[in-house]
Amino acid sequence: RTDYDNVVCTIPHHFQLIFFPTYNSPMQTVISGEKQAVEKAAQIAKEMGARTIPLKVSVPSHCSLMKPAADAFRLKLAQAPIQNIKIPLVQNYTAKAHTMAHEIRDNLYYQIFSSVKWYQSVLWMHEQGVDTFIEIGPKNVLSKLIQQTLPEARVFNIEKPKDAETVLKVLT
Numbered sequence: 042r043t044d045y046d047n048v049v050c051t052i053p054h055h056f057q058l059i060f061f062p063t064y065n066s067p068m069q070t071v072i073s074g075e076k077q078a079v080e081k082a083a084q085i086a087k088e089m090g091a092r093t094i095p096l097k098v099s100v101p102s103h104c105s106l107m108k109p110a111a112d113a114f115r116l117k118l119a120q121a122p123i124q125n126i127k128i129p130l131v132q133n134y135t136a137k138a139h140t141m142a143h144e145i146r147d148n149l150y151y152q153i154f155s156s157v158k159w160y161q162s163v164l165w166m167h168e169q170g171v172d173t174f175i176e177i178g179p180k181n182v183l184s185k186l187i188q189q190t191l192p193e194a195r196v197f198n199i200e201k202p203k204d205a206e207t208v209l210k211v212l213t
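With the numbering used here, letter number 69 in the sequence shown gets 110, and the count goes up by one each step, no holes.
What follows is the structure, given as structure tokens:
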């Protein structure tokens, strides 16, 4: 097992344009930044014993390099009809629940160029008493991350209508 904290703490000392935009689980984080810097950081991480998987993305998501795109998006967000909501929405920018339209709008803006606090969001929900998580969508990437973080949690993945029926039977 790689010393995860050592790898994460070592890489920023080598680069200026490298970021840790996503904290997925105790054993998984994402790095972002300029392409050559990311490739070099991945090489250093491998040399330290970490497993690296390049993501097929076209932009350096969730880091300050995305600020110009976020600023353009903010202008569009200002026109979007976002309202206060009754069911709290846990936003990964803050790793907390929000119901106020202005908070939701601001967090959507900041999310583009700030770290995704997935791991912290899962922990926060667990601290609030959530013990069952349902992922809706293809594959089960988020379900696996939740299981890494909270092995005792009940985690379900719904890809097809049949899956929803199965989950509903289990939960009732």
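For every residue, glycine included, the Cβ atom is placed at its ideal position computed from N, Cα and C.
For Q169, the three-state secondary structure derived from DSSP is coil.
Between the stretch 118-133 and the stretch 149-167 there are three or more C-beta pairs closer than 8 Å, enough to call the two in contact. Relative to Q152, the option among V182, K127, A110 and V171 whose CA is nearest is A110. Across the structure, W165 and S102 are spaced so that their CA atoms are roughly 23 Å apart. When the beta-carbon positions are compared, Y150 and F174 stay at least 8 Å from each other.
Between S162 and K203, the alpha-carbon positions lie close to 28 Å from each other. By the CB criterion at 8 Å, S184 and E176 fall inside the cutoff.
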